[in-house]
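Okay, so here's the structure we're looking at.
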Amino acid sequence: MMQEAGKLRTIQVPGIGEVLLVKRKGARGLRISVSPRRGVSVSVPWLLPYSIAEKFLLSKRQWIMAAIERQARLLQKAEGSGKTASVPEDPAELERMREAARKILVPKLEAATVKYGFTFIGRVAIKNNVSNWGSCSSKGNINLNMRLILLPEHLQDYVILHELCHLRHPDHSPRFHALLDSILKGKERQLVSELRTWRIL
Ligand SMILES: [Zn+2]
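Quick note: the sequence shown uses the numbering used here, first residue 108, plus one each step.
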């Protein structure tokens, strides 16, 4: 079956500029994302009128403007220290990078699964996405961002272990963090803050 594309609408918001409203079948709630490169977009549930999304957006104007400023600052800092992770524009090069990522990340995930006694029977997908470094679906499939191979190895391991722990706890509950932190020998917070200094571009 073909994947359903989202419906789009662009609006102008004073002080912010162009904002993209994207209707998606899977969207459960209104979600704003702010990126210094891609601008501001709002994910809108399929059946929700655009007018409600617009009202919501306007109510969050101050927050969005602050987020744009904060992100621009973080990006500048990351660029200064070479901590940006981007992918090539050329489609063939992109696929080569994806294959390279698969060859590095999948064996790491498999080794960690065995080492820490996880049961992983789902699929691993190597994604070109800009919203996270990794995710774990309710069906137990794991997505890893192909940009992970641009990070130091201990951060790659951190993301993989984070997603593996979601197989046991599909949330960010205290039990989830307790499990992850014990595997990481008490270094979870340190690794999280180190990962935050990197920007996905
Ligand atoms: Zn998580």
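Just so you know, even glycine gets a beta-carbon here, dropped at the ideal spot from N, CA and C. It should be emphasised that the depicted structure is a prediction, and the values quoted were computed from it without experimental measurement.
For a quick check, are the C-beta atoms of LEU251 and CYS272 less than 7 Å apart? Here residue 251 refers to the residue found at position 144 when the sequence shown is read from its first residue. Here residue 272 refers to the residue found at position 165 when the sequence shown is read from its first residue. Not a contact, by the Cβ cut-off of 7 Å.
Below 8 Å, how does it come out for the segment 237-257 and the segment 189-198: are there three or more Cβ pairs, yes or no? A contact is defined here as three or more CB-CB pairs under 8 Å, and the segment 237-257 meets this definition with respect to the segment 189-198.
Those residues which DSSP pairs with GLY241 across a bridge: For the purposes of this step, residue 241 is taken as residue 134 along the sequence shown, with counting starting at 1. Answer is LEU251.
Measuring CB to CB, does PRO121 end up less than 7 Å from ALA179? On the sequence shown, residue 121 is found 14 positions in, with the first residue counted as 1. On the sequence shown, residue 179 is found 72 positions in, with the first residue counted as 1. No.
Measuring from each Cβ to the nearest heavy atom of ligand 1, keep the ones under 6 Å and list them in chain order. If you measure from each CB to the nearest heavy atom of ligand 1, the residues under 6 Å come out as HIS269, HIS273, HIS279.
So VAL299 is in the alpha helix (DSSP H); what residue range does that whole segment cover? Here residue 299 is taken as the residue at index 192 of the sequence shown, counted from 1. Counting along the chain, the alpha helix (DSSP H) containing VAL299 begins and ends at 295-303.
Using a Cβ-Cβ cutoff of less than 8 Å, which residues in the same chain neighbour PRO277 once the five nearest sequence positions on both sides are dropped? Residue mapping note: residue 277 aligns to position 170 of the sequence shown, counting from 1. In its chain, beyond the 5 residues on either side, CYS243, SER245 have a beta carbon closer than 8 Å to the beta carbon of PRO277.
Applying the 10 Å Cβ sphere with the 16-neighbour rule, what's the burial state of VAL151? Here residue 151 is taken as the residue at index 44 of the sequence shown, counted from 1. Buried, by the Cβ-count rule.
According to DSSP, what are the bridge partners of GLU125? If you number the sequence shown from 1, residue 125 lands on position 18. Answer by DSSP bridge pairing, in chain order: GLN119.
Is the separation between the beta-carbon of ARG306 and that of ALA185 shorter than 7 Å? Taking the sequence shown and counting its residues from 1, one reaches residue 306 at position 199. Taking the sequence shown and counting its residues from 1, one reaches residue 185 at position 78. Cβ atoms of ARG306 and ALA185: closer than 7 Å.
Going by the beta-carbon positions, is the gap between LEU115 and VAL129 smaller than 7 Å? Start at 1 with the first residue of the sequence shown, and residue 115 comes out as number 8. Start at 1 with the first residue of the sequence shown, and residue 129 comes out as number 22. Yes, they are a contact pair.
Just to confirm the assignment, what range does the beta strand (DSSP E) spanning PRO152 have? Position 45 of the sequence shown, counting from 1, holds the residue named residue 152. 146-152 is the span of the beta strand (DSSP E), which, as asked, contains PRO152.
Have a look at MET108 and LYS132 and give me their C-alpha separation to the nearest angstrom. Indexing the sequence shown from 1 puts residue 108 at position 1. Indexing the sequence shown from 1 puts residue 132 at position 25. For MET108, the predicted model reports a pLDDT of 38, less than 50, meaning its position is unreliable and no value from the coordinates is stated.
I need the straight-line Cα distance from THR226 to SER148, nearest angstrom please. Working through the sequence shown from its first residue, we reach residue 226 at position 119. Working through the sequence shown from its first residue, we reach residue 148 at position 41. Taking the straight line joining both Cα atoms gives about 37 Å.
If you draw a straight line from the C-alpha of LYS222 to the C-alpha of LEU154, how long is it? As a working mapping, residue 222 is identified with position 115 in the sequence shown. As a working mapping, residue 154 is identified with position 47 in the sequence shown. For the pair LYS222 and LEU154, the Cα-to-Cα distance works out to about 45 Å.
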